[in-house]
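Number of protein chains: 4
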Amino acid sequence: MIGTGMIGRDHIRRVTDVVTGAQVVAVTDIDVERAKEIASTIDARVLPTGHDVINDPLVDAVVVTSWGPTHAEYVLAAIAAGKPVFCEKPLATAAEDGLRIVEAEQAFGRRLVQVGFMRRYDAGYRAMKRVIDSGEIGAPLLMHCVHRNQSVPQTYHSDMAVQDTAVHEIDIIRWLLDDDIVSTQVITPRRTANRFGHLQDPQVMLFETSGGVRIDLEVFVNCQYGYDIQCETVGETGTVRLPDPADVWLRSAGQLRTGVLQDWQQRFAAAFDREFTEWVASIADGRLCGPSAWDGYATALISDATTEARHTGRVVTLARPDRPAFYAT
Amino acid sequence: MIGTGMIGRDHIRRVTDVVTGAQVVAVTDIDVERAKEIASTIDARVLPTGHDVINDPLVDAVVVTSWGPTHAEYVLAAIAAGKPVFCEKPLATAAEDGLRIVEAEQAFGRRLVQVGFMRRYDAGYRAMKRVIDSGEIGAPLLMHCVHRNQSVPQTYHSDMAVQDTAVHEIDIIRWLLDDDIVSTQVITPRRTANRFGHLQDPQVMLFETSGGVRIDLEVFVNCQYGYDIQCETVGETGTVRLPDPADVWLRSAGQLRTGVLQDWQQRFAAAFDREFTEWVASIADGRLCGPSAWDGYATALISDATTEARHTGRVVTLARPDRPAFYAT
Amino acid sequence: MIGTGMIGRDHIRRVTDVVTGAQVVAVTDIDVERAKEIASTIDARVLPTGHDVINDPLVDAVVVTSWGPTHAEYVLAAIAAGKPVFCEKPLATAAEDGLRIVEAEQAFGRRLVQVGFMRRYDAGYRAMKRVIDSGEIGAPLLMHCVHRNQSVPQTYHSDMAVQDTAVHEIDIIRWLLDDDIVSTQVITPRRTANRFGHLQDPQVMLFETSGGVRIDLEVFVNCQYGYDIQCETVGETGTVRLPDPADVWLRSAGQLRTGVLQDWQQRFAAAFDREFTEWVASIADGRLCGPSAWDGYATALISDATTEARHTGRVVTLARPDRPAFYAT
Amino acid sequence: MIGTGMIGRDHIRRVTDVVTGAQVVAVTDIDVERAKEIASTIDARVLPTGHDVINDPLVDAVVVTSWGPTHAEYVLAAIAAGKPVFCEKPLATAAEDGLRIVEAEQAFGRRLVQVGFMRRYDAGYRAMKRVIDSGEIGAPLLMHCVHRNQSVPQTYHSDMAVQDTAVHEIDIIRWLLDDDIVSTQVITPRRTANRFGHLQDPQVMLFETSGGVRIDLEVFVNCQYGYDIQCETVGETGTVRLPDPADVWLRSAGQLRTGVLQDWQQRFAAAFDREFTEWVASIADGRLCGPSAWDGYATALISDATTEARHTGRVVTLARPDRPAFYAT
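Protein chains in written order, with my numbering: chain A, 1 to 329; chain B, 1 to 329; chain C, 1 to 329; chain D, 1 to 329.
In structure tokens, the structure reads:
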């Protein structure tokens with residue numbers, strides 16, 4: 001485990017308590033005390049650097065949850081060591097680093113990299129993909145997506161609405177439609193009063209795929225009422241929509257009501273568990289099949305274009321990247 | 001219009017403002033001032049008694065909304081006068097009076113009487129009946145029914161849970177299943193604290209039809225949160241359930257919620273309108289087809305048996321009344 | 001009644017059978033036989049032209065449901081005659097005609113014109129407006145709207161997606177937000193295969209109000225599965241969404257399901273009835289309060305700009321029209 | 001693992017693949033070949049009898065999933081060996097055996113027994129219990145419960161509707177209300193045609209708790225359409241209801257629909273996983289807290305009374321069993 005911040009500690013707990021067939025044997029963090037504290041609870045060693053973790057002979061696979069700008073370096077080192085590596089998004093903060101990873105992995109000759117796009121493991125999105133792939137709603141034409149957070153801290157700035165938030169939507173759109181995004185635009189409504197002054201919130205992002213599907217995505221990270229992910233795909237003969245998470249229904253005081261989740265940990269807890277369970281199983285099988293380095297790279301290209309679209313106020317088009325056969329699904 | 005109490009005035013407004021093809025020309029009430037007040041707003045005459053209304057040559061059809069114990073007398077008089085009569089429930093407070101009405105109407109030779117079971121005009125119950133009749137859920141085996149009021153006044157006593165409240169459920173069960181109830185039982189849970197001391201609230205009534213369908217009915221008239229009518233019919237291959245009334249959905253403060261109606265006027269407003277619209281049209285056609293005197297009589301027999309069942313704590317069985325061919329559906 | 005086509009006949013039936021306090025006394029149509037046929041069923045006279053209807057001394061108020069290009073002429077004539085006039089949309093097929101109507105009505109000095117935007121009478125939209133106006137979801141920031149038809153005939157062409165279909169959405173957006181649209185853009189996804197060749201279907205329209213609210217509207221008129229109107233307004237602290245129309249719920253064959261309506265007559269039947277009921281009552285009161293000539297004119301300006309936006313592929317901005325005090329809400 | 005039938009194999013998979021901190025080291029089954037087959041896949045030993053498993057020094061805790069009549073013997077043996085034992089329901093097929101277990105465990109002085117009432121680990125029931133305990137709906141007065149299976153095999157007979165099926169409902173009712181059932185009655189509707197001839201299906205069971213709460217429970221094991229568990233608790237000020245399991249919503253062919261689960265494995269998969277995860281954790285903690293031997297015994301008393309109620313057609317009352325302080329919650 002490289003990185004023991006919030007998401008890192010959550011993954012350590014997951015590997016230790018939830019996933020069978022795996023064990024955390026070594027951790028590192030730039031904050032050594034933090035690393036020691038968590039390591040002591042799980043009987044793991046603390047190593048000085050990420051490279052020490054990667055090259056430790058007891059380590060069969062690497063999880064990278066350190067600071068984003070360090071991801072590419074560790075992923076490349078893991079490839080060099082021939083070890084499977086799970087990297088939280090972003091795979092790389094610069095697209096060219098993503099490309100280097102893609103090239104390194106192909107040169108190695110076998111998939112080693114998985115990127116932490118956990119939504120692909122959510123039961124709702126999986127059911128939606130089955131419906132789309134079955135042809136039950138005909139060919140997709142449109143998607144309506146909503147990503148809402150209850151609130152974000154002051155450190156969250158306008159570019160993060162794409163880089164940190166919409167990136168999950170971009171991946172899931174690509175995966176659901178089995179297509180790439182080739183045009184992007186950002187619309188900026190009146191800002192909510194419930195935000196820090198520097199932040200454009202909400203934002204509406206408009207995407208177009210190479211096949212002509214149009215997607216609108218609302219990103220609203222201070223919606224106050226809860227954490228809410230919505231997605232509807234409109235096909236030629238029908239539509240399919242994510243359900244709201246199931247909770248008990250109350251009737252009281254003139255209302256029929258149910259709870260809305262408050263954070264992504266609740267919303268995607270089962271997806272994270274399944275993501276790691278399947279990742280560990282796929283390593284044992286020798287057949288990685290989750291979100292690939294290519295997905296990380298392609299998503300970064302679209303994120304960068306979307307950031308440019310917001311800064312310029314223009315529609316930004318992308319050449320559809322030419323996916324190597326190595327990454328064929 | 002015989003009777004200008006709350007429901008009477010509501011029907012006067014309905015005939016005047018909602019229904020086309022009818023006009024209130026004469027009203028009466030034991031409270032003459034009340035009758036005068038309402039009559040003055042609609043340009044109708046006030047007559048001394050219900051019999052004067054019935055026999056007035058300008059009156060083509062009679063609506064009886066007076067005090068329950070007077071209903072049978074006026075309905076019989078209307079039959080004697082050969083005029084269509086709409087009678088709010090109960091048709092008669094004693095079953096033998098109901099039988100006299102049924103016999104008088106048959107002697108007259110043509111249907112004149114309609115009883116105010118407005119639920120048959122509700123869009124949800126009608127859709128449920130279509131589903132049942134279509135065979136889409138197979139033969140019915142069970143029904144689960146719920147009748148909840150926000151609260152009732154002190155004058156409401158335990159027998160009224162059957163005579164005033166469950167009577168609507170009994171009619172709709174008979175109509176939906178096209179069958180009669182032949183056994184009845186009342187179960188008395190712990191009483192809610194939110195009631196006047198004399199009242200058994202809630203009550204659970206258990207019915208069995210001649211065809212072996214079993215029905216459980218919750219009557220809870222001080223449920224606090226609203227007016228709520230639920231009904232599910234369980235058949236051999238599926239179930240059909242009333243929808244909750246449609247209202248906008250809000251997401252705020254950690255909840256997803258919609259409104260619950262607060263009274264029967266809101267819940268059945270459209271049903272009442274349709275009831276009168278169809279009744280007036282059926283008079284013009286000369287073919288009454290709504291809930292009949294027979295339905296009023298049969299329902300009274302079941303209500304009486306259910307009252308006895310609560311008083312004795314026993315299962316009470318009824319012989320299935322032998323419906324005259326005159327009342328064949 | 002000027003015009004006895006499908007919508008005209010439906011309004012004739014409505015005035016005759018549903019609305020109290022009004023009666024159809026004269027009709028006209030360019031197809032005289034059609035006019036005679038309907039007139040004979042309701043005991044109304046057939047007059048040669050719309051102007052004869054307007055000027056008939058027995059006619060207190062005029063309903064215009066003739067061919068769109070003739071609307072402005074009849075509305076202006078009704079104003080000249082000082083008679084209330086209900087005009088189906090469009091108020092005018094050219095914006096300058098709309099302006100002439102607005103000016104003529106102001107010159108007359110009292111409101112005479114109502115435009116047939118029936119959605120304002122739908123219970124769901126009314127509940128949504130109450131929620132927005134109450135401040136319960138904070139200031140609106142975004143709206144997500146969907147308009148889907150099961151299918152359209154070959155005569156339906158791409159401009160009609162705005163002029164005939166989206167015009168209702170444009171009106172309801174203006175009304176819900178009490179604001180005007182000042183920018184418009186049209187996005188064209190891949191076309192469904194289930195359409196006649198000339199038609200761009202679906203279309204996504206993007207609007208911005210003078211207050212900075214952004215709206216996305218999907219218009220998809222060959223969606224195959226039904227007639228489906230959706231609307232969600234996103235505010236600073238919560239959201240409000242139209243309910244799906246209530247229908248019974250079935251559980252059978254591995255599914256939980258309810259019906260989707262198939263046409264606008266079903267979806268807005270109650271709204272049409274309420275529209276006419278309130279219009280007739282407002283004439284009796286002498287205080288017209290429904291959608292005004294100004295609404296018809298402003299909506300036409302936005303429709304025209306949206307048509308231009310689709311033709312040019314560009315964002316089209318409008319100056320916010322300066323609403324005369326005469327039309328203050 | 002004592003017993004390698006369907007549920008036994010499922011628990012072996014669960015301990016092996018899902019739960020961390022536990023490992024299957026020894027299995028037994030009367031069908032030795034079946035035991036060998038499963039043991040070979042998980043590197044466990046096959047022992048001749050359940051007693052060999054219980055007394056094996058490598059075995060820290062025992063899971064009993066053998067044939068029901070053998071449960072009590074193995075549970076008593078585990079207590080004698082001082083080892084935690086998880087026993088699938090029933091704890092004992094005769095109530096007096098349940099009592100012997102309860103006495104033996106008390107004599108041992110510490111809880112060792114947990115019974116497999118997995119519903120207590122279902123997220124929906126847990127949320128319902130939180131709502132009830134919070135006082136949010138006031139004191140409970142009524143419960144409406146439904147248990148439906150798609151179909152059952154010919155070996156399923158009428159008593160199993162209580163002993164195998166309703167037993168889970170009985171436990172969850174006791175747990176939700178923190179009360180015991182003191183009266184029971186069975187109502188037998190017309191039988192569905194979709195069953196083997198010997199079976200009474202559906203059945204309606206009526207329970208009363210010592211606190212006066214009344215419960216109706218539909219058990220319908222050949223409902224054809226799916227596996228469906230419903231539960232609504234009605235309190236003095238409101239109600240709480242289980243949600244339907246979340247699945248994507250489709251709009252197509254005139255319907256809005258979602259899937260209904262087909263079997264209990266899908267419905268309670270997460271509950272089973274949590275049950276074992278918490279059980280294993282509680283052994284490590286030395287503090288068993290799941291459904292106890294007392295719960296198994298009390299539930300058996302109610303099941304037996306309910307069976308008698310169906311056979312006799314009468315209401316059967318039970319003395320409320322006097323729960324030892326040892327089993328205080």
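All residues carry an ideal CB built from backbone N, CA and C; glycine is no exception.
Short CB-CB distance (under 8 Å) between residue i and chain B
i, result
"residue 250/C", "yes"
"residue 44/C", "no"
"residue 257/A", "yes"
"residue 341/C", "With chain C covering 1 to 329 only, the question about residue 341/C has no answer from this structure."
"residue 147/D", "no"
"residue 136/C", "yes"
Alpha-carbon to alpha-carbon, residue j and residue i
i, j, result
"residue 217/A", "residue 215/C", "12 Å"
"residue 194/C", "residue 145/C", "22 Å"
"residue 132/D", "residue 153/B", "28 Å"
"residue 32/D", "residue 166/A", "56 Å"
"residue 234/D", "residue 211/D", "14 Å"
"residue 319/B", "residue 266/A", "58 Å"
"residue 35/C", "residue 84/B", "36 Å"
"residue 332/A", "residue 88/A", "Residue 332/A cannot be examined here, being either before or after the span of chain A that is shown, 1 to 329."
"residue 25/A", "residue 232/C", "49 Å"
"residue 226/D", "residue 41/C", "52 Å"
"residue 208/B", "residue 312/B", "18 Å"
"residue 67/B", "residue 115/B", "15 Å"
"residue 241/A", "residue 288/C", "42 Å"
"residue 182/D", "residue 259/B", "37 Å"
"residue 317/A", "residue 46/A", "46 Å"
Contacts around residue i, its chain only, beta-carbon distance under 7 Å, and the 5 residues preceding and following it disregarded
i, result
"residue 76/D", "100, 101, 104"
"residue 323/B", "294"
"residue 14/D", "272, 273, 276"
Other residues of its chain near residue i: CB distance less than 8 Å, five sequence neighbours each side excluded
i, result
"residue 72/D", "91, 92, 93, 94, 97, 98, 100, 101"
"residue 172/B", "117, 119, 120, 125, 231"
CB contact below 8 Å: residue i versus chain C
i, result
"residue 166/A", "no"
"residue 260/D", "yes"
Residue-level contact to chain D via CB, residue i, 8 Å cutoff
i, result
"residue 254/C", "yes"
"residue 130/B", "no"
"residue 194/B", "yes"
"residue 144/B", "yes"
Cβ-based neighbour list, residue i, same chain, cut-off 6 Å, excluding 5 preceding and 5 following
i, result
"residue 192/C", "201, 222"
Min CB distance residue i to chain A below 8 Å
i, result
"residue 212/C", "yes"
"residue 187/C", "yes"
Please list the residues of the segment 310 to 327 of chain D that have a C-beta atom closer than 7 Å to any C-beta atom in chain C, keeping them in chain order. When CB distances to chain C are screened at a threshold of 7 Å, not a single residue of the segment 310 to 327 of chain D falls below it.
On the three-pair Cβ rule with 8 Å, is the segment 296 to 305 of chain B touching the segment 95 to 108 of chain B? Taking a contact to require three or more Cβ pairs closer than 8 Å, the segment 296 to 305 of chain B and the segment 95 to 108 of chain B qualify as touching.
Against chain G: residues of the segment 216 to 227 of chain C by CB proximity under 9 Å: Among the chains of the structure shown, chain G does not appear; the protein chains present are A, B, C and D.
Using a Cβ-Cβ cut-off of less than 8 Å, give me the residues of the segment 225 to 244 of chain D that come near chain B, in sequence order. Answer set for the segment 225 to 244 of chain D: 225, 234, 236, 237, 238, 239.
Using Cβ-Cβ distances below 8 Å, what residues of the segment 93 to 127 of chain B are close to chain A? Listed by position along the chain: nothing, the set is empty.
Determine which residues of the segment 64 to 75 of chain B have a Cβ less than 8 Å from any Cβ of chain C, and write them out in chain order. None of the residues of the segment 64 to 75 of chain B has a beta carbon lying less than 8 Å from any beta carbon of chain C.
Of all the residues that make up the segment 2 to 20 of chain C, which are near chain B by a beta-carbon distance shorter than 8 Å? For chain B, the residues of the segment 2 to 20 of chain C that bring a beta carbon within less than 8 Å of one of its beta carbons are 16, 17, 18, 19, 20, in chain order.
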